[in-house]
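In my numbering, the protein residues as written are 5 to 99.
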């Protein structure tokens with residue numbers, strides 16, 4: 005997680021995700037799977053890359069506005085501000 009967080013370019017982050025996927029594939033049972041329609045299915049590398057990248061962004065949600073957690077927090081703050089009866093600017097912060 006630290007190397008991904010410290011990577012400054014998309015290419016560096018992509019290389020880190022690729023290395024993780026390759027490392028998993030070297031393991032005796034190294035596959036990526038998903039549960040769908042009451043069954044486990046092996047997924048392709050493109051799907052695995054998407055999920056590994058999403059996991060990193062969500063884990064580092066304070067750094068990435070595109071993460072699911074960051075979007076949920078932004079929506080929570082917006083809803084809080086809209087629900088307040090004051091006409092003053094909302095000063096809610098991430099908790």
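The C-beta atom is built at its ideal place from N, Cα and C for all residues, glycine as well.
Since we're looking at a predicted model, the values are computed, not measured.
With the rule of 3 Cβ pairs closer than 8 angstroms, the stretch 11 to 23 counts as touching the stretch 51 to 60. Taking 8 angstroms as the cut-off, the Cβ atoms of residue 47 and residue 61 do not count as close.
A residue is called buried when at least 16 other Cβ atoms come within 10 angstroms of its Cβ; residue 6 does not meet this threshold and is exposed. Each residue's CA atom was taken as its position, placing residue 45 and residue 36 some 8 angstroms apart. One alpha carbon belongs to residue 88, the other to residue 82, and they sit about 10 angstroms apart.
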